[in-house]
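Visitor: One structure follows; several queries about it will come next.
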Ligand code: APR
């Protein structure tokens, strides 16, 4: 079976009603990254950080996967599919995709500040100061904050290197190191970039840019890939 690797960003979930970060009116228009999404913010004002993620977690409970998420699950009938997502939502999971790597963490999970391997699933519940892990550490969002290492980067690069087809969906390609994964693909990998306002991409020979929203572009591409693969 040929291997399809998907690299998704916030645009993948936009049509589900989850705002992106850098579009007009996006999350970083409303919140200052340094106030809510850095280790320094956590040290200085943990309640504000917890409130930021509690708000996003509660909002996630109210939305559903869109036709783009659902189309990706159909690919699994004919291809070996690996999803690498920059998103912290659980919409790929809820759509039915099975093989998912979250580069930037997961909104529905929290972890101990004493031991980062002590991870718990809290679903869409709030987390507050005083909520402790059994190891005694205060629980924090299981999110990669700006300035923190991306622990799964090497694993994501290895997966991308084995792609026969790479789908890049809904990302501004502005955040390092995720934005560099495209260059891990082999020279004969077919690369498709689906985004209504795609960022310029250089140095990729086999690239097809599809200027479409995910909800339209992904089902159409999945249909093409599956009919070509019959
Ligand atoms: N369908 C597909 N793409 C869309 C849609 C849509 N309906 N709407 C917007 N987009 C595209 C935008 O054109 C843009 O290219 O989604 C992209 C969103 O870019 P960002 O907001 O920068 O999101 P992303 O690239 O995922 O950000 C990467 O930055 O803030 C950090 O950790 C955060 O994972 C995030 C990372």
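Numbering (the numbering used here), first residue to last: -18 to 211.
Yeah, the Cβ is synthetic: ideal placement off N, Cα and C, and Gly gets one too.
In this text the structure is predicted, and so the values were computed from the model without any measurement.
#1: Cβ of residue 1 within 7 Å of Cβ of residue 127?
#2: Hey, out of 109, 184 and 84, whose CA is closest to residue -13's CA?
#3: As a quick exercise: from 144, 134 and 168, pick the residue whose alpha carbon is nearest that of residue 60.
#4: Do you know how far the Cα of residue 75 is from the Cα of residue 172?
#5: If residue 195 and residue -4 are in contact, beta carbons under 8 Å, what's the gap, nearest whole angstrom?
#6: Which ranges would you report for the beta strand (DSSP E) in the region 64 to 150 if only whole runs of at least 3 residues count?
#7: Okay, do the region 79 to 99 and the region 114 to 123 touch, 3+ Cβ pairs below 8 Å being the bar?
#8: Mapping DSSP to helix, strand and coil, what is residue 157?
#9: Which residue or residues does DSSP assign as beta-bridge partners of residue -15?
#10: Between which two residues does the alpha helix (DSSP H) harbouring residue 41 extend?
#11: Can you tell me where the alpha helix (DSSP H) with residue 56 in it begins and where it stops?
#12: Between which two residues does the alpha helix (DSSP H) containing residue 172 stretch?
Guide: Working from what's here:
#1: The count along the chain shown starts at 1 and reaches residue 1 at position 20. The count along the chain shown starts at 1 and reaches residue 127 at position 146. No, they are not a contact pair.
#2: Along the chain shown, one-based indexing puts residue -13 at 6. Closest option to residue -13, Cα to Cα, is 84.
#3: The residue given as residue 60 occupies position 79 in the chain shown. It is 144 whose Cα lies nearest to the Cα of residue 60.
#4: Counting from one through the chain shown, the residue named residue 172 turns up at place 191. Counting from one through the chain shown, the residue named residue 75 turns up at place 94. Taking the straight line joining both Cα atoms gives about 26 Å.
#5: Taking the chain shown and counting its residues from 1, the one referred to as residue 195 is at position 214. Taking the chain shown and counting its residues from 1, the one referred to as residue -4 is at position 15. Confirmed, Cβ separation roughly 6 Å.
#6: 81 to 83, 86 to 93, 100 to 102, 120 to 124 and 146 to 150
#7: Touching, yes.
#8: Taking the first residue of the chain shown as 1, we reach residue 157 at position 176. Note: residue 157 maps to coil in three-state DSSP.
#9: Indexing the chain shown from 1 puts residue -15 at position 4. BP columns for residue -15 point to 62 and 146.
#10: As a first step, residue 41 must be located in the chain shown, where it is residue number 60. Note, residue 41: alpha helix (DSSP H), 27 to 41.
#11: Numbered from 1 along the chain shown, position 75 holds the residue referred to as residue 56. Run containing residue 56: none; DSSP gives neither H nor E here.
#12: Within the chain shown, the letter at position 191 stands for residue 172. No alpha helix (DSSP H) contains residue 172, which is instead part of the beta strand (DSSP E) from 171 to 175.
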